[in-house]
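Colleague: Protein sequence lines, in the order shown, are assigned to chains A and B. Per my numbering, the first sequence runs over residues 18 to 358. Per my numbering, the second sequence runs over residues 19 to 285.
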Amino acid sequence: MNTTTHPAPASVPEERKRFKMPQEGSILLVLVGIAVLFEILGWAVRGDTFLFNAQRLLIIVLQMSIIGLLAIGVTQVIITTGIDLSSGSVLALSAMIAASFAQTSDYARAVFPMFTDMPAVVPILLGVLAGGLAGLVNGALIARTMIPPFIATLGMMVTARGLARWYTDGQPVSLLSDEFTWFGSGYIPVVVFIVVAAIFHIALKYTRYGKFTYAIGANMNAARVSGINVNRHLVIVYSIAGLLSGLAGVLTAARAASGQAGMGMAYELDAIAAAVIGGTSLAGGVGRITGTVIGVIILGVMTSGFTFLGIDAYVQDVVKGAIIVAAVVADQYRQKKRKTA
Amino acid sequence: MSSPEKLLSISKVSLAFGGVKALTDVNFHVNKGEIFSIIGPNGAGKTSMLNCISGRYQPNQGSITFKGKEMLGMKPNERSDLGLGRTFQNLALFGHMSVLDNIMVGRHHLLKNNFATGPLYWFSGAQKEELEHRRAVEDIIDFLEISHIRKSQAGTLSYGLRKRVELARAVALKPDLILLDEPMAGMNQEEKEDMARYILDLNEEWGMTVIMIEHDMGVVMGISNRVMVLDFGRKIAEGLPDEIMANEHVKKAYLGEEDELLMEETA
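1) Please report the distance separating the alpha-carbon of A/Arg33 from that of B/His114.
2) Check whether the stretch 197-208 of chain A and the stretch 67-86 of chain A are in contact - that is, three or more C-beta pairs closer than 8 Å.
3) In chain order, what residues of the same chain lie with their CB nearer than 6 Å to the CB of B/Gly103, ignoring the 5 residues before and after it?
4) Please go through the same chain and pick out, in chain order, the residues whose beta-carbon is closer than 7 Å to the beta-carbon of A/Thr170, but skip the five residues on each side of it.
5) The alpha helix (DSSP H) with A/Gly322 in it runs from where to where?
6) What in chain A is Cβ-close to B/Met122, meaning under 9 Å?
7) Let me confirm a value: A/Asn19 is counted as buried when at least 16 other C-beta atoms fall within 10 Å, else exposed. Which label applies?
8) On the DSSP letters alone, give me the boundaries of the alpha helix (DSSP H) that B/Ser66 sits inside.
9) Residues of the stretch 254-276 of chain A with a CB closer than 7 Å to any CB of chain B: list them in chain order, please.
10) Out of A/Met280, A/Tyr226, A/Gly276 and A/Ala274, which has the shortest C-alpha to C-alpha gap to A/Tyr15?
11) Note down, in chain order, every chain B residue with its Cβ under 7 Å from the Cβ of A/Ala235.
12) State the start and end residues of the unbroken beta strand (DSSP E) segment that holds B/Leu115.
13) Between A/Gly302 and chain B, is there a C-beta pair that is closer than 8 Å?
14) Which residue marks the beginning of the alpha helix (DSSP H) containing A/Gln93, and which one marks its end?
15) Would you tell me roughly how many angstroms separate the C-alpha atoms of B/Ile71 and B/Gln79, rounded to the nearest one?
16) Counting only the same chain and skipping the five closest in sequence on each side, list residues whose C-beta sits under 6 Å from that of A/Met135.
17) Hey, out of B/Met67, B/Ser27 and B/Phe46, whose CA is closest to B/Leu198's CA?
18) Taking just the CA atoms, how far does B/Ile164 sit from B/Leu179?
19) Strictly below 8 Å CB to CB, what residues from chain A border B/Asp249?
20) I need the straight-line Cα distance from B/Pro22 to B/Leu258, nearest angstrom please.
21) Please list the residues of the stretch 318-343 of chain A that have a C-beta atom closer than 9 Å to any C-beta atom in chain B, keeping them in chain order.
22) Secondary structure at B/Ala323, three-state DSSP: helix, strand or coil?
23) Consider the Cβ of A/Ile245: report whether some Cβ of chain B lies at a distance smaller than 8 Å.
24) Looking only at its own chain, which residues have a Cβ that is under 6 Å from the Cβ of A/Gly85, when we skip the five neighbours before and after it?
25) Between A/Arg73, A/Leu48 and A/Ala343, which has its C-alpha nearest A/Thr324's C-alpha?
26) Does B/Asn69 have its Cβ less than 8 Å from a Cβ in chain A?
27) With burial defined as no fewer than 16 other Cβ atoms inside 10 Å of the residue's Cβ, what is the status of A/Thr162: buried or exposed?
28) Just the chain B side, please: which residues come within less than 9 Å of A/Tyr231 by C-beta, in chain order?
29) My output table needs one value for B/Arg252: the three-state DSSP class, helix, strand or coil.
30) A/Thr66: buried (16+ other C-beta within 10 angstroms of its C-beta) or exposed?
31) Give the C-beta separation of B/Phe84 and B/Leu26 to the nearest angstrom, bearing in mind that I take them to be a contact with Cβ-Cβ under 8 Å.
32) For the candidate residues B/Arg252, B/Val247, B/Asp260 and B/Met263, whose alpha-carbon lies nearest to that of B/Ile57?
33) Give the DSSP-derived three-state secondary structure of B/Gly103 in the structure shown.
34) Using a C-beta cutoff of 8 Å, does B/Leu149 count as contacting chain A?
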């Protein structure tokens with residue numbers, strides 16, 4: 018390399034020298050700040066600790082592991098400049114389908130009397146696959162017909178919820194086998210969430226799958242001429258998001274020991290909010306699983322903290338909404354800074 | 019030089035957007051190992067021609083064969099698998115990614131590891147594979163002299179450097195034919211000279227056939243083997259640089275005069 022012909026362009030190397038805080042650093046600070054705030058408010062308002070209560074922490078983690086699975090799926094979708102509004106409804110559909118194949122023969126009015134007492138693997142696989150199928154339809158619609166992801170997944174959101182209700186005429190599916198409900202017991206959903214998060218963190222960071230996902234989000238034209246089969250990749254991304262919604266549905270049904278068509282209502286919004294709070298840019302090309310995981314925990318801590326302080330549930334929603342908007346504003350600001358930098 | 023091998027043949031390609039005819043019955047071929055330039059006034063259909071070759075547009079009629087294979091109906095990524103690379107007039111880069119990652123994406127479709135084996139990074143050979151490709155990428159980085167910015171975010175670089183990174187991204191595909199859409203637009207003289215040198219080296223040392231759209235006549239005439247002139251979507255001339263410089267149609271097209279000769283021919 019002859020550096021003599023290019024005597025260190027003055028504008029460039031400075032970029033390398035400047036210390037950059039990892040993207041997650043600022044979000045992590047927010048999380049710590051919120052937790053500390055609740056701790057102080059806890060002592061002030063209720064004279065009790067917020068953080069140092071093992072049971073409360075467990076509940077936070079358990080609640081958030083389901084949203085977390087959806088959030089991981091939607092993170093990679095948003096990175097491709099897409100959006101997935103269907104995850105909550107697909108969760109419900111998968112929960113219904115999984116539950117209907119997990120019933121015990123003790124129940125007189127089982128959905129499928131001939132399919133009672135199945136080994137747990139059957140309902141789990143069917144539930145996850147149902148989610149994957151919904152995702153496949155999303156992806157195929159977006160890639161083939163070029164309709165905006167917002168519309169395609171909005172359609173799926175309504176359709177999947179309708180299917181979930183229609184499946185049993187709105188009746189809950191109950192009396193599930195112990196083998197199946199074991200998967201929702203204790204820490205299992207948390208373990209599943211952590212494992213899935215780890216897999217996707219690595220997949221996005223180190224694999225071709227991840228590089229393609231970021232590339233498509235950053236510049237679809239450049240991705241096409243770089244030899245990426247953009248359409249096929251989008252179908253895969255949406256299918257995987259669907260599979261994760263299905264998995265979340267299976268865990269939800271197992272945890273509740275029943276399938277209900279109203280499960281996962283508006284979860285898709287929490288999932289999107291978690292991704293955006295965690296630094297995933299709606300403009301595409303930017304986002305990390307670590308950020309999303311922190312975003313999920315922030316949402317969980319907030320929900321739990323508000324309840325702990327005895328704040329009205331409706332007020333909680335107001336504050337949550339404001340925080341989501343603030344996260345997007347922060348994202349816009351970051352982008353502007355990036356462009357002018 | 020007796021009978022050069024045709025790498026790309028375009029025959030009777032027409033492209034219309036509604037009533038606007040972007041290209042009308044364009045015929046030409048590019049020989050293996052050539053630097054072939056397309057020139058013409060603004061709106062002459064130069065970029066449309068490249069888009070037809072790279073697969074962004076589907077011509078309404080005609081045929082485009084590359085290495086003897088008909089490319090119409092192929093997706094852009096299938097064309098890049100065949101050995102076609104391109105850059106864009108208004109830059110196509112992954113702004114949030116590092117320069118290194120930008121170039122790696124160009125090579126990723128050559129990687130064998132997938133979603134299942136990738137997470138087993140250290141065990142499945144994904145790491146070894148990535149290292150090998152990284153070496154190939156290093157060659158490109160050295161060649162284009164962008165080593166000092168390899169870790170920088172591509173979107174933050176100066177225009178001239180971004181142009182070079184985009185070229186690197188296209189070169190990383192190891193294409194046999196590379197399409198360059200105004201590789202020197204917006205550059206100062208020094209940058210242009212560098213770019214011209216890169217293009218010549220790509221052609222001579224890396225063995226790539228080049229199709230280039232460029233407005234700088236000095237560069238075009240200096241490095242091209244052959245030149246084609248488009249005006250209003252029609253080919254008005256094709257030949258050696260000297261012939262083009264002397265061509266009456268071309269002079270008129272560029273001066274914007276009525277071209278009676280051409281009107282008669284095409285009427």
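Even for Gly, the Cβ is constructed at its ideal location relative to N, Cα and C.
Modeller: Result, derived from the coordinates:
1) At A/Arg33 the pLDDT is 48, less than 50, meaning the model places this residue with poor confidence; the figure from the coordinates comes in the next sentence. A straight line joining the alpha-carbon of A/Arg33 with that of B/His114 spans about 15 Å.
2) The answer is yes - the stretch 67-86 of chain A touches the stretch 197-208 of chain A, with three or more Cβ pairs under 8 Å.
3) Same-chain partners within the cutoff: Ala188, Leu191, Pro193 and Ile196.
4) Ile100, Asp101, Leu102, Ser103 and Asn155.
5) DSSP places A/Gly322 in the uninterrupted alpha helix (DSSP H) bounded by Ile306 to Phe325.
6) The contacting residues are Lys228.
7) Confidence at A/Asn19 is low in this model, with a pLDDT of 43, below 50, so its placement is unreliable and the value that follows should be read with caution. Burial state of A/Asn19 is exposed, judged by a 10 Å Cβ sphere holding fewer than 16 other Cβ atoms.
8) Lys64 to Ser72 is the extent of the alpha helix (DSSP H) around B/Ser66.
9) Answer set for the stretch 254-276 of chain A: empty.
10) What the structure shows of chain A is the stretch from 18 to 358, and residue 15 of chain A is not part of that stretch, so it cannot be assessed.
11) By Cβ distance, chain B contributes Phe112, Gly113, His114 and Met115.
12) Residue identity check: residue 115 of chain B is Met in the sequence provided, not Leu. Where B/Met115 is concerned, there is no enclosing beta strand (DSSP E), given that its DSSP letter is neither H nor E.
13) Closer than 8 Å to some Cβ of chain B, the Cβ of A/Gly302 qualifies, so yes.
14) That run of the alpha helix (DSSP H) goes Ala71 to Ile96.
15) Using only the alpha carbons, I get a separation of about 13 Å.
16) Only Phe118 meet the Cβ criterion.
17) That would be B/Met67, whose Cα lies nearest to the Cα of B/Leu198.
18) Per the coordinates, the alpha-carbon of B/Leu179 lies some 8 Å from the alpha-carbon of B/Ile164.
19) Ordered by position in chain A, no residue passes the 8 Å Cβ test against B/Asp249, which lies about 27 Å from the chain.
20) C-alpha separation (whole angstroms): 15 Å.
21) Listed by position, the residues of the stretch 318-343 of chain A near chain B (Cβ gap below 9 Å) amount to none.
22) In this structure chain B extends from 19 to 285, so residue 323 of chain B is not present and cannot be described.
23) Taking 8 Å as the threshold, the shortest C-beta distance from A/Ile245 to chain B falls below it.
24) Phe210 and Val313.
25) It is A/Arg73 whose Cα lies nearest to the Cα of A/Thr324.
26) Residue-level contact by beta carbon fails for B/Asn69 and chain A, as no gap is shorter than 8 Å.
27) With fewer than 16 Cβ atoms within 10 Å of its Cβ, A/Thr162 is classed as exposed.
28) Per Cβ cutoff of 9 Å: Phe112, His114, Met115, Asp119 and Val123.
29) In the three-state DSSP reduction, B/Arg252 falls in the strand class (E or B).
30) Looking at its Cβ environment, which holds fewer than 16 other Cβ atoms inside 10 Å, A/Thr66 is exposed.
31) Contact between B/Phe84 and B/Leu26 holds: their C-beta atoms lie close to 5 Å from each other, under 8 Å.
32) Here the closest residue by C-alpha is B/Val247.
33) If DSSP states are grouped into helix, strand and coil, B/Gly103 belongs with the strands.
34) Answer no: the Cβ-Cβ gap between B/Leu149 and chain A never drops below 8 Å.
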